[in-house]
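Numbering (my numbering), first residue to last: 727 to 1908.
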Amino acid sequence: MFLKRLEIMGFKSFADRIGIDFVPGVTAVVGPNGSGKSNVTDAIRWVLGEQSAKSLRGAKMEDVIFSGSDSRKSLNVAEVTMVLDNKDERIPLAYSEISVTRRVFRSGESAYLLNKQPCRLKDITDLFMDSGLGKEAFSIISQGRVDEILNSKADGRRSIFEEAAGVLKYKQRKRKAEVKLNETDENLSRVLDILHELDDRMEPLQMQASAAHDYLEMSSELKESDLALTSFDLAAFRKELTGLAEESAALSGKEQEIGAAIEEKETFVQKLRKQLSGHDQKIDENQNVLVEASAETEKWEGRKLLMSEKRSNAAQQADQLKKNLELEQADIESLGKRYSEENDRLQEERAAHGVISDKLKHLNSQLTLSPADIEKEIESLKSDYIDLLNEQAGIRNELKNIELQKQQLSATSNRVESQRSHYETALTKLEAEKDKAQKDLETTQAYLAELRTAYREADSSFKAKKENFEEKQSMLFQAYQSQKQLAARIDTLEELEADFSGFFQGVREVLKARSSGQLPGVIGAVAEMVTADNEHAKAIETALGAASQHIITASEKDARSAIELLREKRAGRATFLPMTVMKARTVPESMLAAVREHPTFVSVAAELVKSDTAHKEIVWNLLGNVIIAKDLKGAATIAKSLMSRYRVVTLSGDVINAGGSMTGGASKNQSSLFTRKAELEGLKVKAADLAETILSAEKSVQEEQKTLAVAEQQAEVLRTEGEGVRNTEADQLIGLREIEAVWKTTKSRYELFLAEETHKEDDRTAIEKRQEAAQSHAVQLEKDLAELTAKIDEMTELKEKDASMRDAILTQLADQKSAFAVSKERISRFQQSERELADRLAASKVKLAALQKELEWLKSDGAAKVYADEEVVDKIAHWSKRKEQTAELLSQLKKDRSDVQRQMDELAEQLKEAQRVHKGFTEAIQTCNVKSTRVEVQIQNLELHLEEQYNMTAKDAAAYEMTEEEHVVRKQVKLLKQSIEELGPVNLNAIEEFDMVSERHRFLTEQRDDLNEAKTTLRTLIEEMDEEMTSRFDETFRAIRDQFQVVFRELFGGGAADLVLTDPEDLLGTGVDIIAQPPGKKLQHLSLLSGGERALTAIALLFAILKVRPVPFCVLDEVEAALDESNVVRYSQYLKRFSADTQFIVITHRKGTMEGADVLYGITMQESGISKLVSVKLQEVE
């Protein structure tokens, strides 16, 4: 077998598919470093099943897929196919050629194909396991394997010999056997632990099982004694219950008498409460009137006082205003007279001033002034200029005085405005307080109205709840009475049922014998076995007649046994209905069809009863030929239609017998056998319903009582709160009236200062007019000053002209100028005085108008006050009188209410005493009821005990009779219970559990034996594998040692070498050392040789291993890389000789190796990152 072909596609640098054909001999794959030639080795290793990406010089398996280059995209799949020639059938498959394909995808998926058929990796590894091509075999030897030989220690080098010896699979099997042995030890340990645990449990379980057996025996004995004692106790409790019922009935009579007296007193209390409520309502109404009258009286008295004060203040103000008005009028007259005189003098002075001015103009026109005169004129003009300046200063002073007056007026105005603002703020605050007081009063009044409404509603609610409580209390008492009556009726019926009362003597004896178990074949009387609705009960009872006491038996034999018993006891006679022989009797359908449509037809009697289906034949035998009709008239019609062959019974119990005879009339209203059972069941249902109703009613009465107390408390709280709110309302009303009085006084003050503020505004206007006139005069003075300046300039120009003709004129001119100046000064003084008088006159007139206006206001307000004073007096008298009348009436009402309250309190004490006595009887009745309930509970508990403990009824337990006295049986029961208690907690499952544990103990004991046997077997197997591995290793080591010595000499051309075991005594753990002696050197350890010698020695060892363990083909990946040229030639020559037995594929770049190859394949990387293949056969070249 040899490697025939290798196909690579997408694997590492082989982007394109390539195929390498191999021949026996030596095939060399050559190429420069980095060309990808070693990827051929990786491809062969990978297709043989290598799973380690690291062994393939990658990080993960996807790294073997072509990852792309600068010019080529990456691929998503890598595939390698190896074709083997198998003509020698070294691989046990019936194929001359075997192809193995492996693919991997970038997604992580992979696939294996064997001869193009999908298979598993395990299939591949199993296929090559014994062929020498496994991944651990020496079919691929790389430089790494050489380094492993060179660099490993002796212990590490052992693995190479183990691979060659084929002991790895034994080591693997040994490891598995050891794992199994460990698992077996663990399992055995667990089994032993469980067995130990079970051993600990076995003895206690055995004791528990024994205790369980004892418990079951004592429990059985206890059951019989306990049932007998329970039956005895039930009878005693029922007797006690009867005595309690009689006592309760006696107490109920006395309770009802006192209850009637209480009801009468409560009615009278209710009447008094209504009177009290009426008095309260009247007191509330008059209290409101009193509050209103008090508030109104106080309001009008406050108003009277306020008006008196205002009237006094107004009179004083009016007197003062009159005096001020007279003074102001006199001042105005004086000022007017002075102003008229000053004005006349001013006019006269202005006329004289005009004459003087004309003379000056005339003289000036005649005079030609000399320079000296001109100089004097200039001086005169300058003097006039100075006078004008002085006048200008006077005007300015006047303006300052006006400004000062304005400031003084402003200060006064500010004071007045401050007072007005103060009263305005106070007025605003009072208005806010008045509004708040008004709102508070309205809120209080609204709340008071709500309280009154709430009180009326609460009082009505209290009364309604009181009536509801009394009604429910009465209903509860009635329910108690009904319950007692119902219980008495049930007891009576149960006693009748238990004693079979109403049955004939013979029937009663048979039924008692049945109950005692003497006649098990007796089913029961017909009256016990059938029922009917209340509507049809009377008719069915009549239809059955005496047959209701017939006895149903299971068979004729049972009937004969019962008859024999009656005969033996001489206990009377009875009629029996054996179920085996009784047959139904019916009315022919043809005849029934004729009467079914009749309006009074009800049904066939048998169709109206309810019974067990097993008794159907007997029911139809007794009632199948009886017709039920609504009334007697209709029954007669139906009987005629049936030709009087069958009985017809009406719903009221009348009968038309077969043959036409009639039976009917009235009977005493008493319980019959047929209806008694139905009545008892119905009464029990009613009793249960009534008990629930009473329980609900008791809860309801208690809740109503609590609700009543809450309602009464709520009404009282509302009444008390209403009184407090009424007092608050009166206080708020008085407070509001006081605020209104202060508000009115403040408002009058505010209006007074508001008017004065207006007067001050008028004064400010007059002063501003004076200021405006003075400012206008000042402007005129400015113009006059400008004109004088111009004249002075003009006279200065004329200064140099002739002045000879002007002396006389100058004298006159000087006199006139002097007179002109005096006149001008007097005019100015008169103007100033006139202006001052005008200002004072205007101010006095404004003040006079204000005084007159204020006086008029005071006069009009005073008149109103006089009129209002009369009204206030009337109001005070009216409300005071009403207040006194209301107070008297209120006092009388409170006295009347006190009398009613006292009467009601006395009656309440009497009622309380009666209720206390009534409560005593009620509690006594309740005590009886509680005792009865307790006895009933005891009975129920005993019955429940029977049902839960033994699944029996009281009747069933009655069959167990005490064979000894009561105290003996109780002692026996007590001892049995003590004995059972002494057993402690009994595990009844212990019996079954002990059996199960015993069985499990047996099973685990067998498992323990099996595990011990398996453990022995595994240890034997491990020993055998150790012997096999030792034998194989020793044999292989000796063979490799011999071959190594030969191969070493051939490769080195002489010398000697040897393999030495580090521990010959321990062949399973010994290491292997290499000792070599190249030609011309001494024998020494491998590590002491040169690098080339060491490499060639390692290659010699590998060749020696291949001779001992030959492989079909061997891939040598640059194993000779470390050799020098001479050693490469030796290596190549030896390889050539060795290739006769083994096919070699050599990855190399050494020339000597290439020369020794039969076929050369070149690997180039013409395109970056992509390997290409070139092949040449050397034989063809030669």
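We put the beta carbon where it would ideally sit given N, CA and C, even for glycine.
Here the structure is a predicted model, which means the values were calculated and not measured.
- Counting the other Cβ atoms within 10 Å of the Cβ of ILE1112 gives fewer than 16, which makes it exposed.
- Taken in chain order, the region 889-928 contains no complete alpha helix (DSSP H) segment of 4 residues or longer.
- Contact annotation: ALA1765 and ALA1783 have beta-carbon atoms that are not nearer than 8 Å.
- Counting along the chain, PHE1226 sits inside no alpha helix (DSSP H), nor does DSSP assign it H or E at all.
- With a cut-off of 8 Å on Cβ pairs, the region 1742-1762 is in contact with the region 900-907, counting three or more such pairs.
- Counted as a single uninterrupted DSSP element, the beta strand (DSSP E) harbouring LEU729 occupies residues 728-735.
- Closest in C-alpha terms to LEU819, from the list LEU840, LYS1473, ASN802, ARG829, comes LEU840.
- Taking a contact to require three or more Cβ pairs closer than 8 Å, the region 982-1002 and the region 1627-1636 qualify as touching.
- Beta-bridge partners of PRO1304 (DSSP): THR1279.
- Per DSSP, the unbroken alpha helix (DSSP H) holding ILE850 starts and ends at 847-854.
- Annotation for ALA1680: the continuous alpha helix (DSSP H) segment containing it runs 1680-1683.
- For TYR1887, the enclosing beta strand (DSSP E) starts and ends at 1885-1893.
- For GLN777, no alpha helix (DSSP H) run applies, since DSSP gives it neither H nor E.
- In this structure, THR1788 lies away from ALA891, with their beta-carbon atoms at least 8 Å apart.
- Around PHE748, the same chain offers PHE728, LEU729, LYS730, ARG731, LEU732, PHE1839, GLN1869, ILE1871, VAL1885 as residues with beta carbons nearer than 8 Å, after the five sequence neighbours per side are excluded.
- Exposure of ALA961 is indicated by the presence of fewer than 16 other C-beta atoms within 10 angstroms of its C-beta.
- From the listed residues SER946, GLY745, SER797, the smallest Cα separation to GLN1675 is found for SER946.
- Between the alpha carbons of TYR1887 and THR753 lies a distance of about 8 Å.
- Pairing ALA1175 with PHE1188, the inter-Cα distance amounts to about 19 Å.
- The Cβ neighbour count for THR1312, taken over all protein chains shown within 10 Å, is under 16; the residue is labelled exposed.
- The region 1363-1375 makes contact with the region 1322-1335; the number of CB pairs closer than 8 Å reaches 3 or more.
- Where SER1757 is concerned, the enclosing alpha helix (DSSP H) starts and stops at 1716-1778.
- Three or more beta-carbon pairs separated by less than 8 Å are not found between the region 1200-1209 and the region 1439-1454, which leaves the two stretches without contact.
- Per DSSP, reduced to three states, the secondary structure at MET1521 is helical.
- For GLY1878, the closest alpha carbon among the candidates LEU914, SER1281, TYR1857 is that of TYR1857.
- The beta-bridge partner set that DSSP reports for ASP1843 consists of SER868, ILE1873.
- In terms of Cβ geometry, ALA1640 and LYS991 form a close pair [threshold 8 Å].
- The three-state reading of DSSP puts ILE1104 in helix, counting H, G and I together.
- Judged by DSSP in its simplified three-state form, THR1401 adopts helix.
- Burial is judged here by how many other beta carbons sit within 10 angstroms of a residue's own beta carbon; GLN1458 has at least 16 and is buried.
- Here the alpha carbons of LEU1245 and SER1287 stand approximately 8 Å from one another.
- A distance below 8 Å separates the beta carbons of GLU1819 and PRO1804.
- The three-state secondary structure of TYR838, taken from DSSP, is strand.
- By the beta-carbon neighbour count (other beta carbons within 10 angstroms, threshold 16), ASN1677 is exposed.
- Sixteen is the threshold: when 16 or more other Cβ atoms of the shown chains lie within 10 Å of the Cβ of GLU1254, as they do, the residue is buried.
- Under DSSP, THR1376 shares a beta bridge with ALA1355.
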